[in-house]
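Here is the structure we will look at, set down as structure tokens.
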Amino acid sequence: MKKLFRIAVIVLAAILYNSRDKEPVPFRVLYWNILHGMWDGQGDNYDRFVAFVRSKDPDVCVWCEAQSYWKTNTNDSLEPEDRYLVEHWGDLAARYGHKYWAIGGYHDNWPQVITSRYPITVIDQIVGEEPDKVIKHGALWASVEINGKTVNFVALHLAPKGGQEYRTMEVQYICDHTLGTSSNAEDQNWIMLGDFNSKSRLDNDYYGLDENSNAFMPHDYILSNTPYIDAVKDRHPDEFRPGYWRRNTRIDFVYCTKPLIDRLEYADFVWDSYTTPLRDWNTQYGVRPSDHLPIFVEFDMR
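Residue numbers (the working numbering): 45 to 346.
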């Protein structure tokens, strides 16, 4: 009996020692609505954009509005054959160290793109259903493997027009056709991220809107009907973190299921000398480089 006890103690000590000494495995994700295919980068061959991405050293990037659309510094749209993106995302991503890329389904000029240093498995390119469940900017469900763990990504951009009821329909459809297809999604690694074009009730201490306002509808659906947790709010529960050029709004979000929240090390918007939106009336949109701020998140995937 004493011998068995000693063996058990030795085995337990070895397990604790190995667990303690495991090196962190950082997993970094960079998300950004880059405004018409990072059109601000067309004038310098995307050099500042590439330098910024490289400085964050992301493993996966998710880009909203990932297609070129306007001629540089004009109000004239590009012909489809003259658009550098989406066709050349592979070339652009290679400049910041990503070998793989995938595009979501879409109906118009504003698709989502994922790039990665790891192979990407595309599971679904979501476009919705006619006549009343069209996902206007589409969505993408893809996965990557990191340190033996599967991470599911859902990239979306809810319709800027159509109202909160329409956006709620879109997000419900996207959730139903992604993590809703799994019987144990709450125990899996899921990230849903993008431009939601709507505010969250979790920020209403700042907004001060009527609690019955429909402004919160898309996020109310997510918070009440899915296992998703707001990553930025989880890291900054007592603060309002703006992510839009007017500095008084948050409409871009990264949602994670609890297994990833438990591994979350960092989540916040990036306000720096490059990303901070600046007014420039000589540009097509009147602000550069984008009207949105990037979100950077990091997990420990040991």
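The C-beta atom is built at its ideal place from N, Cα and C for all residues, glycine as well.
CB of residue i within 8 Å of CB of residue j, strictly
i	j	result
residue 94	residue 139	yes
residue 218	residue 147	no
residue 243	residue 291	no
residue 159	residue 132	no
residue 336	residue 296	yes
residue 163	residue 195	no
residue 299	residue 237	yes
residue 346	residue 311	no
Same chain, Cβ closer than 8 Å to residue i, neighbours up to 5 away in sequence not counted
i	result
residue 64	Confidence is the limiting factor: at residue 64 the pLDDT is only 47, short of 50, which leaves the residue's position unreliable, though a coordinate-based value still follows. Closer than 8 Å at the Cβ level, and outside the excluded window around residue 64, lies no residue.
residue 192	none
residue 211	202, 203, 240, 241, 242, 261 and 262
residue 330	323 and 324
Residue burial classification, residue i (beta-carbon count within 10 angstroms, cutoff 16)
i	result
residue 318	exposed
residue 80	buried
residue 151	exposed
residue 87	exposed
residue 334	buried
residue 180	buried
residue 301	buried
residue 124	exposed
residue 283	exposed
Beta-carbon contacts of residue i that lie in its chain and below 7 Å, excluding the five residues immediately before and after
i	result
residue 344	68, 69, 70, 307 and 309
residue 107	76, 78, 156 and 157
residue 111	81, 127, 129, 130, 153, 154 and 155
residue 186	146, 158, 164, 165, 166, 167 and 197
Close beta carbons around residue i, own chain, < 6 Å, minus the five adjacent residues each side
i	result
residue 258	208
Quiz item: Enumerated in chain order, which unbroken segments of the alpha helix (DSSP H) with a length of 4 residues or greater are wholly contained in the segment 116 to 145?
Solution: Restricted to the segment 116 to 145, the alpha helix (DSSP H) segments that are unbroken, complete and at least 4 residues in length are 133 to 139, listed in chain order.
Self-check item: Contiguous alpha helix (DSSP H) assignments of at least 4 residues, all confined to the segment 272 to 308
Solution: Counting only runs of 4+ residues, the alpha helix (DSSP H) found wholly inside the segment 272 to 308 occupies 275 to 279 and 302 to 305, in chain order.
Quiz item: Can you list the beta strand (DSSP E) stretches of 3 or more residues lying completely in the segment 174 to 208, in chain order?
Solution: For the segment 174 to 208, whole beta strand (DSSP E) runs of length 3 or above, ordered along the chain, are 177 to 190 and 193 to 201.
Practice problem: Mind listing, in chain order, the continuous beta strand (DSSP E) runs of no fewer than 3 residues lying wholly within the segment 233 to 277? | Solution: Taking only runs of at least 3 residues, the beta strand (DSSP E) segments lying wholly in the segment 233 to 277 are 233 to 239.
Quiz item: Taking the runs of the beta strand (DSSP E) that are 3 residues or longer, which of them lie wholly in the segment 70 to 114?
Solution: Listed in chain order, the complete beta strand (DSSP E) runs (minimum 3 residues) inside the segment 70 to 114 are 70 to 77 and 104 to 108.
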